[in-house]
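*Asks:* Residue numbers (UniProt numbering): 1 to 149. Cβ atoms here follow ideal geometry from the backbone N, Cα and C, with glycine treated the same way. This one's a predicted model, so the numbers in the text were calculated from it and none came from an experiment. Take this structure, written in structure tokens, and hold onto it; I'll ask about it next.
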Amino acid sequence: MQNISEIEELVKLIARLPGLGPKSAKRIVLKLINNRDELIKPMTNSLAQVYKNVSRCNYCGALKSNSIGCSNCENNRNKFNKICVVENIADQWSIENSSIYKGYFHILGGTISSAGKRKEDLLINSLIERVKKDDIEEVIIATSATVEG
């Protein structure tokens, strides 16, 4: 591979994504370069929009649009009496895609010992607040079956 610093930097960044190593990252970068008008420009615009307009809800941890708010905890259409507590957003998406659960989600943002996280780093206090405030009758703990979870 030629020593083009921009390409090397992009390969390193892409290789940091879950499930992708250096070889896969190189293939992705080559695909992007070979299809720059169809892929790079729209992807750059999309990433910029996500960076600007999407964030995590400080209350429940779900992803939210900064322009419309959180569709999880600000859901006024459906009033649920249960919350499913998960470690991360990927877990929320998996459960939602299964269509077996109808209720609110609360995303902790990890586990206590993962990557040096402490109880204060997770959204535990807001979970307790939600249970009290929203008249929640059932809390489903859907975290990993490990010491950390």
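Tell me which same chain residues have a C-beta within less than 8 Å of the C-beta of Y101, skipping the five on either side of it?
*Replies:* Result list for Y101: C84, I95 and I140, in chain order.
*Asks:* So, with DSSP's three-state summary, where would you put S67?
*Replies:* In this structure, S67 counts as coil in the three-state DSSP scheme.
*Asks:* From what residue to what residue does the alpha helix (DSSP H) around Y51 run?
*Replies:* Note, Y51: alpha helix (DSSP H), K41 to N53.
*Asks:* Flag F105 as yes if its beta-carbon sits less than 8 Å from any beta-carbon of chain D, otherwise no.
*Replies:* The chain inventory of the structure shown lacks chain D, comprising one protein chain alone.
*Asks:* Among the candidates R16, D135 and I107, whose CA atom is the shortest distance from the CA of F80?
*Replies:* Nearest C-alpha to F80: D135.
*Asks:* Could you tell me whether the segment 33-42 touches the segment 55-66, using the rule of 3 or more Cβ pairs below 8 Å?
*Replies:* No, they do not touch.
*Asks:* Can you name, in chain order, every residue of its own chain whose Cβ lies under 6 Å from the Cβ of K133, other than the five neighbours on each side?
*Replies:* Hits under 6 Å: none found.
*Asks:* Using CA atoms only, rank isn't needed, just tell me which of E87, C73 and S99 is closest to E129.
*Replies:* Ranking E87, C73 and S99 by Cα distance to E129 puts C73 first.
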